[in-house]
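Worksheet: one structure, shown below.
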Amino acid sequence: MTPPSTDLLQGTLDLLILQTLAPGPMHGWAVAQRIQQVSRDVLQIGQGSLYPALHRLEYKGWIRSDWGASENNRRAKYYSLTRAGKKQLEAELKTWDRLSSAIGLVLAGGGRIPEAQS
Amino acid sequence: MIAEFLSRLRFLFMRRKPADLRGDIDEELAFHIEQSVAQHVAAGVSPEEARRLAILEFGGVERMREQCHEQRPGWWLSTVAQDARYALRGFRRNPLFAFTVLATLTLGIGATTAVFSVVDRILFRPLPYAHGDRLVSVGLTAPIIPEEFMLGGSYYVWRDSQKPFEAFTSEIGVNPCDLTERNPARLSCAGVEASFLPALGIAPVLGRNFSLDEDRPGGPRAALISYGLWQSHYARDPAIVNRLIDLDGNQVRVIGVLPRDFEMPTLEAADILIPEALDEAAQRRADPGRVMYAFARLKPGITAQQAQVMLGPLLDYSLRLVPPAFRKEVHSRVRSIRDRQVHDLRLAAWILLGAVLAVLLIACANVASLLMARAAARRRELAVRSVLGASRGRLIRQILTETLLLALAGAVAGCILAALLLRVFIAIAPEGVPFLLKAHLDLRVVLFTVLISLACGALFGILPALERPSTSALAARSPGSLVHAWLRRTLVAGQIAMSMVLLTGAALLVRSFRNLEEQNMGMQTRGVVAAHIELPHYRYDTQQKQMDFFLQAESALRRLPGAESVSLSDSLPPGGRHGDQIFNIMAVAGRPRPEGTSAGTGGMVAWRWVTPQYFTALSIPIVRGRNFTEADRTGSDCLIILSSLLASRLFPSEDAVGHRIQLVPDGPWCGVAGVAANVRNAGLNGADEPEYYRLRRSAPADWNWYAALTVKTSLSPAAVEPWVRAQIGAIDPTLPVDIETLSQNVSTLAARPRFETALLSFFAFCGLLMAVIGLYGVISFIATQRTQEIGVRMALGASRADILRLIAGEGARLIAFGGLAGLAAAFALSHFLRSLLFNVDAHDPASFIAVPILLAVVALAATLIPARAATKVEPVAALRYE
Numbered sequence: 000m001t002p003p004s005t006d007l008l009q010g011t012l013d014l015l016i017l018q019t020l021a022p023g024p025m026h027g028w029a030v031a032q033r034i035q036q037v038s039r040d041v042l043q044i045g046q047g048s049l050y051p052a053l054h055r056l057e058y059k060g061w062i063r064s065d066w067g068a069s070e071n072n073r074r075a076k077y078y079s080l081t082r083a084g085k086k087q088l089e090a091e092l093k094t095w096d097r098l099s100s101a102i103g104l105v106l107a108g109g110g111r112i113p114e115a116q117s
Numbered sequence: 000m001i002a003e004f005l006s007r008l009r010f011l012f013m014r015r016k017p018a019d020l021r022g023d024i025d026e027e028l029a030f031h032i033e034q035s036v037a038q039h040v041a042a043g044v045s046p047e048e049a050r051r052l053a054i055l056e057f058g059g060v061e062r063m064r065e066q067c068h069e070q071r072p073g074w075w076l077s078t079v080a081q082d083a084r085y086a087l088r089g090f091r092r093n094p095l096f097a098f099t100v101l102a103t104l105t106l107g108i109g110a111t112t113a114v115f116s117v118v119d120r121i122l123f124r125p126l127p128y129a130h131g132d133r134l135v136s137v138g139l140t141a142p143i144i145p146e147e148f149m150l151g152g153s154y155y156v157w158r159d160s161q162k163p164f165e166a167f168t169s170e171i172g173v174n175p176c177d178l179t180e181r182n183p184a185r186l187s188c189a190g191v192e193a194s195f196l197p198a199l200g201i202a203p204v205l206g207r208n209f210s211l212d213e214d215r216p217g218g219p220r221a222a223l224i225s226y227g228l229w230q231s232h233y234a235r236d237p238a239i240v241n242r243l244i245d246l247d248g249n250q251v252r253v254i255g256v257l258p259r260d261f262e263m264p265t266l267e268a269a270d271i272l273i274p275e276a277l278d279e280a281a282q283r284r285a286d287p288g289r290v291m292y293a294f295a296r297l298k299p300g301i302t303a304q305q306a307q308v309m310l311g312p313l314l315d316y317s318l319r320l321v322p323p324a325f326r327k328e329v330h331s332r333v334r335s336i337r338d339r340q341v342h343d344l345r346l347a348a349w350i351l352l353g354a355v356l357a358v359l360l361i362a363c364a365n366v367a368s369l370l371m372a373r374a375a376a377r378r379r380e381l382a383v384r385s386v387l388g389a390s391r392g393r394l395i396r397q398i399l400t401e402t403l404l405l406a407l408a409g410a411v412a413g414c415i416l417a418a419l420l421l422r423v424f425i426a427i428a429p430e431g432v433p434f435l436l437k438a439h440l441d442l443r444v445v446l447f448t449v450l451i452s453l454a455c456g457a458l459f460g461i462l463p464a465l466e467r468p469s470t471s472a473l474a475a476r477s478p479g480s481l482v483h484a485w486l487r488r489t490l491v492a493g494q495i496a497m498s499m500v501l502l503t504g505a506a507l508l509v510r511s512f513r514n515l516e517e518q519n520m521g522m523q524t525r526g527v528v529a530a531h532i533e534l535p536h537y538r539y540d541t542q543q544k545q546m547d548f549f550l551q552a553e554s555a556l557r558r559l560p561g562a563e564s565v566s567l568s569d570s571l572p573p574g575g576r577h578g579d580q581i582f583n584i585m586a587v588a589g590r591p592r593p594e595g596t597s598a599g600t601g602g603m604v605a606w607r608w609v610t611p612q613y614f615t616a617l618s619i620p621i622v623r624g625r626n627f628t629e630a631d632r633t634g635s636d637c638l639i640i641l642s643s644l645l646a647s648r649l650f651p652s653e654d655a656v657g658h659r660i661q662l663v664p665d666g667p668w669c670g671v672a673g674v675a676a677n678v679r680n681a682g683l684n685g686a687d688e689p690e691y692y693r694l695r696r697s698a699p700a701d702w703n704w705y706a707a708l709t710v711k712t713s714l715s716p717a718a719v720e721p722w723v724r725a726q727i728g729a730i731d732p733t734l735p736v737d738i739e740t741l742s743q744n745v746s747t748l749a750a751r752p753r754f755e756t757a758l759l760s761f762f763a764f765c766g767l768l769m770a771v772i773g774l775y776g777v778i779s780f781i782a783t784q785r786t787q788e789i790g791v792r793m794a795l796g797a798s799r800a801d802i803l804r805l806i807a808g809e810g811a812r813l814i815a816f817g818g819l820a821g822l823a824a825a826f827a828l829s830h831f832l833r834s835l836l837f838n839v840d841a842h843d844p845a846s847f848i849a850v851p852i853l854l855a856v857v858a859l860a861a862t863l864i865p866a867r868a869a870t871k872v873e874p875v876a877a878l879r880y881e
């Protein structure tokens, strides 16, 4: 029933959150739902790591929080990217690109490709 | 990067109240759960079931709250503050524990730091010379001068043909000299060879060293002044170089200023260095020549012992110049400058350091034992906190915070105590302990102390903390850690052993000191005031002038009210310098003079110049013959009085009175007027030397620059002192006079043993106190731990006496074990004290019996108090205990 969970690479959670928040302000619940949705249920962010991560990013000054009204008119905390956050996102995306293409090269050049598991 | 940093700073300083923050987080999480519920409801689950599922999915709320908190910058800081607050609360709840630990640490650290500061210079600190470890003192030793010396007749030969040294230099001693310009002062001047400073590796801070030309007789007069003199007398004026000053009535050019930390290798105070300006050619021919002190720099890789062997041929050369009687007793000696400076002090310094380290060990053991007891008592608390979600790291951090807090407080208090103790040391310390006045707490010593206390705290703090808090500790009946109990018992036994060693040492020194104080000096010191006067050499340049002054002073003091007798002598017993000569050069009329090398020197004989009232002033009885009379003083006869010891050696079977003795070859023949009782004359603890007194007649030939005027008075010495000063001032107002009572003089001689005894006793007392506290702590802890067992035993019919025996027996075993080990160690170690002891055996039975009894009584008392408390337990209460 539940899709196989994929352990997130250390540090990628920050990247995912920043990327998710890039279009506009969003509350914590929506961030989790969005990541799950976009990744077709492959990536499920537990609350246990989501909220500490949001707080950490806020303390780092990459995102900002404001209280606002939710779709069903409840008080909710909305997070949005700051200028520093946008810069950080760009930098991390570049790093990610470099890293993933490098890994791709290694895997492609490694001879036999193991059969896909899923 | 900067933006991030600023943001962190902002959060650190603009901190919202924790309650506020918590509210925010809670509201955010509540929203999340509601969204989750709504989703489940939308999927067709009933609202109750949806809420249950949502909460289940969410997981530990409290844990997440904590995690959100932990993201906050500066969170660490706040937990440290929290830990510290918690620790302080704990100390307030248990002030006795905190106070005991603090007091123990303070005492241990304070005493160690103070003593270390004192012995540092004596034992460890490098000398203020370049490569001071290669500098040695070189010379001959003979009974007549205690330290190695050289003679002009040998020195130049040694200097020019020695092999083991790369530099060889000399000085001729420190003498008083007078600065006679607008601001006159009595100073001390040291005569040194031109090569002296370069050989020691010292460069003047200002100006230059002596030139060879200045170090010749009749050369230009030059002087190097000390930094202190430059500061006090010339206000650090750089123009002092090349200025002419009046020294002993001569115009002398100042050619430089010595470094601030300069000291003579002999540690004599020297305000001015002048060239020794000896006539080398004359000295080479002279026999024996001028007394000098030689210092040398060893070539790399050569030890002092090797150098001494290599000097063998030169020693043979010097021995040829020595009178045959002397040869057997003259040797060569090469030793490091530090050895020369501290010689007999080194042992005392090591003993003090050892004693204080023992105190520190006892203190550390005490702290460890107390911390372990506290940890055992807190096992439940820790287990509860662990179950409530505190991580192990957090618990360890908490306990470490507590111990480090105590250790730091102990270090601060210890440093303050050390500063106070150091002042006390300097106040009660004897003169002549080198470096003591310069001892101070420096950064190095303080750092050493703080490190020790931190290590102590960290080690013993972390030991209990490392133990995993087990859930079994939650259960009321936990049997405590067996390892800890064993360790604590060992620590206490060790403390008792160390106290035993310290106490025995102290007891031996106290007994020795009492022997020293109560010994018969052979004279009365009460009511005797002595004025020491050294006449300025340049103004009193003839013996006639010297005699005139002293005779005038004598008759002036005779007129003082209450002056019973006034005498003039050139030295005073029991310490102080006095004349010394070889026994075997004395000749008795009518007997052959002892000749040849076989006789040896026969040892040394002390002698003094005295006037007739010397014996009445010091109450020395004349046992045979008669005292000198006033009439003798104007006569032309040389008269002497022998001490009983000398009389019995010279005339074992006949009466000495009436014999004539030639004191030195080619000297005058002197008649023996009488025999006086023996007086201690080699310090308080030296072996008495035979002695004779020579009458100081009113003839210029019998006088020199120095005399001690002794006044025996029926009034209080304090009242007489200003009168003496006034009378001498009336004759010569600029003359420095040094006045002391003879009791003070004797007491000064006892100052060093007193100092050593007081210090060691103090440490022994501290050690005993701490060991007893430790013992008390362990026994009362054991008693509390066994409360329940005691209840069971009593319920089963054990009497209170049985319980007392049970608990006190535990203490008695520790005392017996530690005490025996300590006694054995003390027996093995006490011979190190031997050279400090006077008329007490190092294995003195009285001390070795009294100390264990004292220790046993005190220690048993410390066990009986908690043991008795244990017997007061009501069985029913004990069974329900916890």
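First to last, the sequence lines map onto chains D and F.
Numbering that gives the first Met the number 0 applies: residue 0 is where the first sequence begins, and numbers increase by one.
Numbering that gives the first Met the number 0 applies: residue 0 is where the second sequence begins, and numbers increase by one.
Beta carbons are placed, not taken as given, at the ideal position from N, Cα and C, and that holds for glycine.
This one's a predicted model, so the numbers in the text were calculated from it and none came from an experiment.
Here the alpha carbon of PRO535 (chain F) sits roughly 8 angstroms from the alpha carbon of LEU734 (chain F). Below 8 angstroms, enough C-beta pairs join the region 60 to 74 of chain F and the region 43 to 57 of chain D to call them touching: three or more. Interface with chain F (7 angstroms Cβ-Cβ cutoff): TYR58 (chain D) is included. A Cβ-Cβ distance of about 12 angstroms is found for the pair LEU150 (chain F) and SER331 (chain F), leaving them out of contact under the 8 angstroms criterion. For LYS871 (chain F), the secondary structure class from DSSP, reduced to helix, strand or coil, is coil.
Scanning its chain for C-beta atoms nearer than 6 angstroms, with the 5 sequence neighbours on each side dropped, one finds around GLU91 (chain D) the residues LEU14, in chain order. Taking a cut-off of 8 angstroms for Cβ pairs, the region 113 to 130 of chain F and the region 772 to 792 of chain F do not touch, as fewer than three such pairs fall below it. Nearest C-alpha to SER317 (chain F) among F:LYS298, F:GLY288 and F:ARG296: F:GLY288.
Sequence-ordered contacts of the region 57 to 80 of chain F with chain D read PHE57, GLY58, MET63, GLN66, CYS67, GLN70, ARG71 and PRO72 [C-beta pairs closer than 7 angstroms].
With contacts defined as CB atoms closer than 7 angstroms, LEU196 (chain F) and ASN182 (chain F) fail to qualify as a contacting pair. Per DSSP, ALA725 (chain F) has no beta bridge partner at all.
Taking 9 angstroms as the cut-off between beta carbons, the residues of the region 42 to 55 of chain D near chain F are GLY45, GLN46, GLY47, SER48, LEU49, TYR50, PRO51, ALA52, LEU53, HIS54 and ARG55, in sequence order. Residues of chain F with a Cβ closer than 7 angstroms to the Cβ of ALA90 (chain D) do not exist, since the nearest Cβ in that chain sits about 11 angstroms away.
Assignment of beta-bridge partners to ASN71 (chain D) by DSSP yields no partner.
DSSP places THR628 (chain F) outside both helix and strand once states are collapsed to three, so it counts as coil.
When rounded, the separation of the alpha-carbon atoms in LEU501 (chain F) and ASP579 (chain F) is 40 angstroms.
Using a Cβ-Cβ cut-off of 7 angstroms, HIS31 (chain F) counts as an interface residue toward chain D, since at least one Cβ of chain D sits closer than that to its own.
Residues of chain F with a Cβ closer than 8 angstroms to the Cβ of ARG73 (chain D) are, in chain order, PHE30 and GLU33. Each residue's CA atom was taken as its position, placing GLU328 (chain F) and PHE148 (chain F) some 14 angstroms apart. Only SER35, ALA37 and GLN38 from the region 35 to 49 of chain F bring a Cβ to less than 9 angstroms from some Cβ of chain D.
In the DSSP assignment, SER187 (chain F) falls within the beta strand (DSSP E) that extends over 184 to 191. For the region 766 to 796 of chain F, the set of positions with a beta-carbon nearer than 7 angstroms to some beta-carbon of chain D is empty. Residue-level contact check: LYS76 (chain D) touches chain F, since one or more beta carbons of chain F fall below 7 angstroms from its beta carbon. In the DSSP assignment, PHE650 (chain F) falls outside any beta strand (DSSP E), carrying neither H nor E.
In this structure, the alpha-carbon of PHE762 (chain F) lies about 20 angstroms from that of ALA367 (chain F).
No Cβ of chain F is located within less than 7 angstroms of the beta carbon of GLY108 (chain D). Taking a Cβ-Cβ threshold of 8 angstroms, the residues of chain D close to GLU26 (chain F) are ARG74 and LYS76, in chain order.
Nearest to HIS439 (chain F) by C-alpha distance, out of F:ALA428, F:PHE826, F:LEU421 and F:ILE427, is F:LEU421. Cβ-Cβ separation between ASP701 (chain F) and TRP606 (chain F): approximately 13 angstroms, too far for a contact (criterion under 8 angstroms). For TYR705 (chain F), the three-state secondary structure derived from DSSP is strand.
Against chain F, the beta carbon of GLY27 (chain D) has neighbours under 7 angstroms at GLU27 and HIS31, listed in chain order. Taking a cut-off of 8 angstroms for Cβ pairs, the region 770 to 779 of chain F and the region 566 to 577 of chain F do not touch, as fewer than three such pairs fall below it. Contact between the region 340 to 357 of chain F and the region 197 to 217 of chain F is absent: fewer than 3 CB-CB pairs across the two stretches fall below 8 angstroms. Annotation for PRO51 (chain D): the continuous alpha helix (DSSP H) segment containing it runs 46 to 59. One thing to note: GLU180 (chain F) has its Cβ within 7 angstroms of the Cβ of ASP245 (chain F).
Setting aside the 5 residues that flank it on each side, ARG334 (chain F) is surrounded in the same chain by VAL135, SER136 and ALA303, each with a C-beta closer than 7 angstroms to its C-beta; the list follows chain order.
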